[in-house]
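Note sheet for the following structure.
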Amino acid sequence: MTPSPDALDLIRHFEGCRLVAYQDSVGVWTIGYGHTGTDVRPGMQIGQAEAEGFLAVDAGTAGRAVERLVKVPLRQCEFDALVSFTFNLGARALEGSTLLRLLNAGSRWAAADEFPKWILAGGKILPGLVTRRAAERALFLESGT
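Basically the numbering used here = 1-based index in the sequence shown + 913.
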């Protein structure tokens, strides 16, 4: 599977786009739609096309992690929600999560109820993460896709 436009739109909405590097809420240098890594430096500037390119690569990386870790078939909406979650938190967070354990055990509803537990950054509840996890959970549980 690959991230659909729904996944990319969800990521765009919650990450926002900043074309000048900044430190996120826990001090990690970030640019574009939440792109991090050794290639992001203080003072770095990019264009919108480069931000979209980083998003496509980073969402693809998150998607491959979801495919590697999830052992049950997924609907596109479930996959997209997990891509957004993994994009934001990283593959290690998904790999060690109760969410993944429950999903792989076939307990989709119980897995969905784990999204709202991932709302801390730097030990503090962030309202934006509360809203993001609710949106990811809603997408995960969407019917008809």
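C-beta: ideal position from N, C-alpha, C; glycine also. Owing to the predicted nature of the structure, the values given are computational and were not obtained by experimental measurement.
Reference residue i, options the options, closest by Cα
i: G960; options: G945, E1027 and D1026; result: G945
i: T974; options: T949, R1021 and P955; result: T949
i: A1023; options: K1030, W1031 and L1012; result: L1012
i: F992; options: L1016, K1030 and R931; result: L1016
Distance CB(residue i)-CB(residue j) smaller than 8 Å
i: D919; j: L1052; result: yes
i: I924; j: F1028; result: no
i: A1025; j: R1005; result: no
i: A904; j: P955; result: Only positions 914 to 1058 of the chain appear in this structure, which leaves residue 904 out of reach.
i: G976; j: V996; result: yes
i: V983; j: G1019; result: no
i: A962; j: C930; result: no
Close beta carbons around residue i, own chain, < 6 Å, minus the five adjacent residues each side
i: F927; result: R1045
i: I1038; result: I1032
i: A978; result: T999 and A1004
i: V939; result: A1034 and G1035
i: G947; result: E928
Neighbourhood of residue i by C-beta, 7 Å cutoff - its chain only, sequence neighbours within 5 removed
i: T1058; result: Residue confidence is low: T1058 scores 45 on pLDDT, short of 50, so the model does not pin down where it sits. Its coordinate-derived value is still stated next. Excluding residues within five positions, the ones whose Cβ falls inside 7 Å are R988, Q989 and C990.
i: E980; result: M914
Whole-Å CB distance - residue i paired with residue j, under 8 Å assumed
i: A1034; j: L1042; result: 6 Å
i: L1007; j: L968; result: That pair is no contact at about 19 Å.
Along the chain, which unbroken stretches of the alpha helix (DSSP H) at least 4 residues long are found entirely within the segment 993-1029? Uninterrupted alpha helix (DSSP H) stretches at least 4 residues long and entirely within the segment 993-1029 occur at 1004-1008, 1011-1017 and 1021-1025, given in chain order.
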